[in-house]
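The structure appears right after this line, and notes come after that.
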Amino acid sequence: MLARCISATLQGLTAIPVQVEVDIGPGLPALHMVGLADAAIQEARERVRSALRNSGLNVPLTRVVVNLAPADLRKEGPGFDLPIALALLVASSQLPGDQLQGVWSAAELGLDGQLRPIRGVLALAIAARHAGARALLVAESNRAEAALVEGLSVWGATDLPAAIQRLATAGNAQPAPAAPMHQPPPSSRHQLDLQEVRGQQHGRRALEIAAAGEHHLLLVGPPGSGKTMLAQRLAGLLPPLSQTEALATTQIHSVAGLLPPGSGLIQERPFRSPHHSCTAAALVGGGTIPRPGELSLAHHGVLFLDELTEFPRDLLDQLRQPLEDGEISLCRSRQQTRFPCRFTLVAATNPCPCGWFGEPEQTCRCGELRRRRYWSKLSGPLLDRLDLQVVVRRLNAEALADTYRTTHAKASTRGPESSRTVAQRVLKARQTMTDRNPWALSNSRLPPKVLKRVARIEATALNMWEHAVEKRRLSARAGDRVMRVALTICDLDNRHSIDEAAIAEALNYRSFDRIEAE
Numbered sequence: 045m046l047a048r049c050i051s052a053t054l055q056g057l058t059a060i061p062v063q064v065e066v067d068i069g070p071g072l073p074a075l076h077m078v079g080l081a082d083a084a085i086q087e088a089r090e091r092v093r094s095a096l097r098n099s100g101l102n103v104p105l106t107r108v109v110v111n112l113a114p115a116d117l118r119k120e121g122p123g124f125d126l127p128i129a130l131a132l133l134v135a136s137s138q139l140p141g142d143q144l145q146g147v148w149s150a151a152e153l154g155l156d157g158q159l160r161p162i163r164g165v166l167a168l169a170i171a172a173r174h175a176g177a178r179a180l181l182v183a184e185s186n187r188a189e190a191a192l193v194e195g196l197s198v199w200g201a202t203d204l205p206a207a208i209q210r211l212a213t214a215g216n217a218q219p220a221p222a223a224p225m226h227q228p229p230p231s232s233r234h235q236l237d238l239q240e241v242r243g244q245q246h247g248r249r250a251l252e253i254a255a256a257g258e259h260h261l262l263l264v265g266p267p268g269s270g271k272t273m274l275a276q277r278l279a280g281l282l283p284p285l286s287q288t289e290a291l292a293t294t295q296i297h298s299v300a301g302l303l304p305p306g307s308g309l310i311q312e313r314p315f316r317s318p319h320h321s322c323t324a325a326a327l328v329g330g331g332t333i334p335r336p337g338e339l340s341l342a343h344h345g346v347l348f349l350d351e352l353t354e355f356p357r358d359l360l361d362q363l364r365q366p367l368e369d370g371e372i373s374l375c376r377s378r379q380q381t382r383f384p385c386r387f388t389l390v391a392a393t394n395p396c397p398c399g400w401f402g403e404p405e406q407t408c409r410c411g412e413l414r415r416r417r418y419w420s421k422l423s424g425p426l427l428d429r430l431d432l433q434v435v436v437r438r439l440n441a442e443a444l445a446d447t448y449r450t451t452h453a454k455a456s457t458r459g460p461e462s463s464r465t466v467a468q469r470v471l472k473a474r475q476t477m478t479d480r481n482p483w484a485l486s487n488s489r490l491p492p493k494v495l496k497r498v499a500r501i502e503a504t505a506l507n508m509w510e511h512a513v514e515k516r517r518l519s520a521r522a523g524d525r526v527m528r529v530a531l532t533i534c535d536l537d538n539r540h541s542i543d544e545a546a547i548a549e550a551l552n553y554r555s556f557d558r559i560e561a562e
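Throughout, my numbering is defined as the position within the sequence shown, counted from one, plus 44.
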């Protein structure tokens with residue numbers, strides 16, 4: 045007897061429908077799996093047999109063939125355990141076939157029949173809704189994630205008998221609403237406050253501009269100057285995720301298998317900080333069947349690359365296209381996959397191997413040749429894409445002592461601005477940006493044609509910009525970035541046109557030229 049059940053396999057961030065066909069025929073007892081299945085699916089034959097037997101169901105003692113169609117599409121993951129078991133029950137007349145009509149299913153089976161969560165359920169639910177599925181049957185711990193998709197009935201079950209009972213009692217009635225989604229408490233990272241950063245007014249201002257215009261930021265300074273403290277507080281200055289951004293972020297983390305069981309919509313902007321020893325596949329994404337890397341996991345959030353010059357140069361050069369296009373295209377012999385990666389990059393590095401070049405109170409132990417070799421890790425095209433290049437100086441003893449004095453000071457003593465205060469200005473500037481273009485894009489994302497239309501620049505400011513581009517020998521991209529940063533500065537300060545002060549401040553954030561000259 046032949047039976048069918050619908051499931052899906054992941055291809056990038058998209059779930060591709062797969063029809064699970066089970067045929068029971070005469071022959072020696074065996075379960076054959078065909079249809080380009082990976083090792084995890086091939087091992088499903090043992091999990092399905094044990095799950096059926098330990099759930100009090102019959103295992104057919106005859107020849108069983110399982111086909112995953114289309115046959116030329118590679119499939120992976122244990123999510124086919126449940127649809128194989130259900131189709132096998134229909135083929136062996138233990139389950140009515142009409143109960144599977146229009147029902148998609150995906151879950152891993154334990155040997156005792158328990159349903160375990162799988163990755164990528166949100167993408168599968170989106171595909172099921174687009175295909176007009178009647179319902180989606182998943183493990184109970186995946187139900188909150190799948191329920192994020194509107195217009196789709198989601199059924200959850202804890203084990204195989206419960207899944208069969210859910211199919212039997214469903215009929216045409218609407219399923220019970222999903223349980224309230226569990227949201228994890230705010231992480232300690234989002235409890236970090238900009239008020240804790242003492243001094244570094246130049247760095248704080250650059251951080252605010254980066255948050256407002258989604259500008260990429262490079263922090264250069266000696267050890268212990270506060271580069272990491274500033275970078276860790278950028279996510280707290282960004283506006284809250286919109287519903288669309290939250291769904292996209294959740295889908296990426298779901299496909300990567302990073303969503304905790306039972307969790308729902310991600311509501312915090314991602315902050316990813318990979319170590320400089322990570323591989324290209326870990327940073328950009330890849331694998332035999334491509335999965336998202338750190339760049340995509342930072343989508344709509346912050347990517348922090350500490351000790352930037354410790355990363356291999358060929359690895360850093362792979363950032364060029366993603367920084368420009370906001371997506372990664374991974375080509376394999378059998379497939380081409382695209383992953384989104386719209387993030388704000390914050391990079392931090394020392395000015396030289398010993399870390400003290402340019403500091404008046406410390407002596408640099410590195411020679412010129414060693415410093416040049418150190419900075420050769422960063423190519424010119426990559427630096428062009430870093431809108432804000434900020435030199436962070438070492439705090440003196442008096443500034444450090446102010447930290448402890450403020451702790452014991454009276455409540456009336458006014459300290460540095462908090463993240464909440466700065467975030468309000470950032471949100472207001474973002475609203476100004478999005479109101480003047482139909483795509484609601486930030487200044488760093490505006491198409492050049494739109495930028496020329498919305499950027500009102502005074503004649504004296506344009507002359508200053510032209511002179512600076514010529515004198516510093518800036519590339520066309522670097523000059524364009526200066527103009528975008530100046531526009532963001534005006535939005536933060538509520539100025540309606542780009543003046544000389546905005547251009548001067550924007551040029552002041554191209555500090556790398558001065559580091560080279562020192």
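Glycine included, C-beta positions come from ideal geometry on N, C-alpha and C.
Distance, residue j Cα to residue i Cα
i: Val182; j: Leu291; result: 19 Å
i: Pro488; j: Pro366; result: Per the sequence presented here, residue 488 reads as Ser, with Pro not at that position. Those two C-alpha atoms are separated by around 14 Å.
i: Ser463; j: Thr272; result: 16 Å
i: Leu262; j: Leu422; result: 11 Å
i: Leu282; j: Gly411; result: 40 Å
i: Ile208; j: Leu139; result: 8 Å
i: Arg91; j: Leu159; result: 11 Å
i: Val369; j: Leu285; result: For the record, residue 369 in the displayed sequence is Asp; it is not Val. Approximately 21 Å between the Cα atoms of the pair.
i: Ala441; j: Ala520; result: 42 Å
i: Ser149; j: Ala188; result: 15 Å
i: Glu549; j: Val526; result: 9 Å
i: Ala167; j: Val66; result: 25 Å
i: Thr202; j: Ala135; result: 23 Å
i: Ser321; j: Ser137; result: 55 Å
i: Leu153; j: Ala95; result: 7 Å
i: Ala81; j: Arg118; result: 6 Å
i: Gln63; j: Met45; result: 16 Å
i: Pro73; j: Ala84; result: 21 Å
i: Lys496; j: Ala175; result: 43 Å
i: Met77; j: Asp142; result: 24 Å
i: Pro70; j: Leu130; result: 20 Å
i: Leu485; j: Gly79; result: 44 Å
i: Tyr418; j: Val299; result: 37 Å
i: Leu54; j: Leu211; result: 25 Å
i: Ala315; j: Gln276; result: Note on residue identity: the sequence assigns Phe, not Ala, to residue 315. So the two alpha carbons sit approximately 8 Å from each other.
i: Thr213; j: Leu204; result: 14 Å
i: Glu120; j: Ile170; result: 19 Å
i: Ala279; j: Arg474; result: 15 Å
i: Ala561; j: Asn552; result: Residue placement at Ala561 is poorly supported in this model, since its pLDDT is 37, which falls under 50; the coordinates are not used for a value here.
Those residues which DSSP pairs with residue i across a bridge
i: Ser51; result: Val62
i: Thr393; result: Val264
i: Ala371; result: In the sequence as displayed, the identity of residue 371 is Glu instead of Ala. In DSSP, Glu371 forms a bridge with Pro384.
i: Val78; result: Asn111
i: Ile501; result: Ile542
i: Leu46; result: Asp67
Cβ shell of residue i (< 8 Å), same chain only, five flanking positions each side left out
i: Ser555; result: Val264, Gln433, Val434, Val435
i: Ala217; result: Here the model assigns Ala217 a pLDDT of 41, short of 50, so the residue's position is not dependable, and the following value carries that caveat. Cβ within range, chain order: n/a, list empty.
i: Arg107; result: Ile68, Gly69, Pro70, Gly71, Leu72, Pro73, Ala74, His76
Contacts around residue i, its chain only, beta-carbon distance under 6 Å, and the 5 residues preceding and following it disregarded
i: Ala179; result: Val147, Ser197, Trp199
i: Gly301; result: Arg163
i: Leu471; result: Pro283
i: Pro127; result: Cys49, Ser51, Val64, Ser149
i: Phe348; result: Ala275, Ser317, Val390
Residues near residue i by beta carbon distance below 7 Å, same chain, minus five either side
i: Pro229; result: Note that Pro229 scores 49 on pLDDT, short of 50, meaning its location in the model is unreliable and no value can be drawn from it.
i: Ile296; result: Leu57, Pro336, Ser340, Leu341, His343
i: Glu354; result: His320
message: Would you call the region 522–540 in contact with the region 244–259, where contact means no fewer than 3 C-beta pairs closer than 8 Å?
response: Yes, since at least three Cβ pairs between the region 522–540 and the region 244–259 fall closer than 8 Å, the two stretches touch.
- request: Could you tell me which uninterrupted alpha helix (DSSP H) segments, each at least 4 residues in length, are contained entirely in the region 89–155, listed from first to last along the chain?
  value: DSSP runs (the alpha helix (DSSP H)) wholly in the region 89–155: 125–135.
message: If we require 4 or more residues per run, which alpha helix (DSSP H) segments fall completely within the region 250–317?
response: The region 250–317 contains these whole alpha helix (DSSP H) runs: 271–276, 287–299.
- request: Only counting runs of 4 or more residues, tell me where the alpha helix (DSSP H) segments fall wholly within the region 154–218, in order along the chain.
  value: For the region 154–218, the continuous alpha helix (DSSP H) assignments of 4+ residues that do not extend past its boundaries occur at 165–174, 187–190, 204–214, in sequence order.
- prompt: Do the region 301–309 and the region 496–509 touch if we need at least three Cβ pairs shorter than 8 Å?
  reply: The region 301–309 vs the region 496–509: no contact.
task: Could you tell me whether the region 397–409 touches the region 356–364, where touching means 3 or more Cβ pairs closer than 8 Å?
output: With fewer than three CB-CB distances shorter than 8 Å, the region 397–409 does not count as touching the region 356–364.
query: Which ranges does the beta strand (DSSP E) cover as unbroken runs of at least 3 residues, wholly within the region 403–439, from first to last along the chain?
result: Within the region 403–439, the complete beta strand (DSSP E) segments of 3 residues or longer fall at 432–435, listed in chain order.
task: With a floor of 3 residues, list each beta strand (DSSP E) that falls wholly inside the region 318–370, ordered by position along the chain.
output: Qualifying beta strand (DSSP E) stretches, in chain order: 346–349.
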